[in-house]
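Just so we're aligned, residue 1 is where the sequence shown starts under our numbering, counting upward by one.
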Amino acid sequence: PASGADATIVYGVNHDTLRQSHQIISSASCTTNCLAPVAQVLHRELGIESGLMTTIHAYTNDQNLIDVYHTDPYRARSATQSMIPSKTGAAEAVGLVLPELAGKLTGMAVRVPVINVSLVDLTVTLKRETTAEEVNALMKEASQHSKVLGYNTLPLVSHDFNHNPLSSIFDA
């Protein structure tokens with residue numbers, strides 16, 4: 001997310017807060033765009049008290065393709081040959097998009113040697129007990145009314161999601 005933005009917008013989550021008076025608009029990050037639709041449904045329906053997000057993230061153009069010298073030892077390593085622990089602000093950025101979740105989520109990232117498609121693993125403490133069946137039903141219902149959230153029950157891998165236009169696909 002951009003620092004100094006008038007608004008951080010994730011389409012399908014808080015795009016209705018966009019105002020003509022906004023001069024600088026951040027669209028957050030790809031990870032925030034994946035996490036926010038799922039977090040919104042879970043919080044609205046079950047109440048998120050806290051959570052940890054781990055993103056297994058495709059490598060990006062700011063990473064080195066071969067091992068080189070760098071002041072950050074992790075950044076020195078080859079993105080095409082390594083799983084690289086990394087920081088992410090995506091969990092905190094959800095609080096910019098969904099203010100009711102500010103300070104409730106934290107996160108970490110692992111960059112992996114794939115060129116496209118990433119995964120978000122979200123573990124939450126909810127305000128009430130639930131079941132996997134209830135969560136799946138809530139996500140399936142929400143996906144049927146969303147332009148950004150999908151729902152999947154097939155045994156697919158990352159490559160199968162390449163070029164999918166959705167921001168987030170919940171894998172039941």
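Note that the Cβ used here is the ideal one computed from N, Cα and C, for glycine as well.
message = Please tell me whether Gly12 and Thr54 are closer than 9 Å, where the distance is taken between their beta carbons.
response = no
ask   = Would the stretch 2 to 11 and the stretch 29 to 41 be scored as touching if the rule is three or more Cβ pairs under 8 Å?
value = The stretch 2 to 11 makes contact with the stretch 29 to 41, as at least three CB pairs between them are under 8 Å.
query = Would a C-beta distance cut-off of 9 Å place Ala90 and Val120 closer than the cut-off?
reply = yes
inquiry  = On the CB-based measure, 16 or more other CB atoms within 10 Å of its CB, does Thr80 come out buried or exposed?
reply    = exposed
task = Find the nearest neighbour of Gly4 within the set Ser146, Ser26, Ser21, judged by alpha-carbon distance.
result = Ser26
ask   = Would you report the Cα separation of Gln23 and Thr17, rounded to the nearest angstrom?
value = When rounded, the distance between both Cα atoms is 13 Å.
query = Hey, Asn14 and Leu101: beta-carbon distance below 9 Å or not?
reply = In terms of Cβ geometry, Asn14 and Leu101 do not form a close pair [threshold 9 Å].
task = List in chain order: all unbroken beta strand (DSSP E) runs of 3+ residues lying wholly within the stretch 95 to 168.
result = 105 to 112, 119 to 126, 149 to 152
query = Any idea if Lys127 is buried or exposed, counting beta-carbon neighbours within 10 angstroms, 16 or more meaning buried?
reply = exposed
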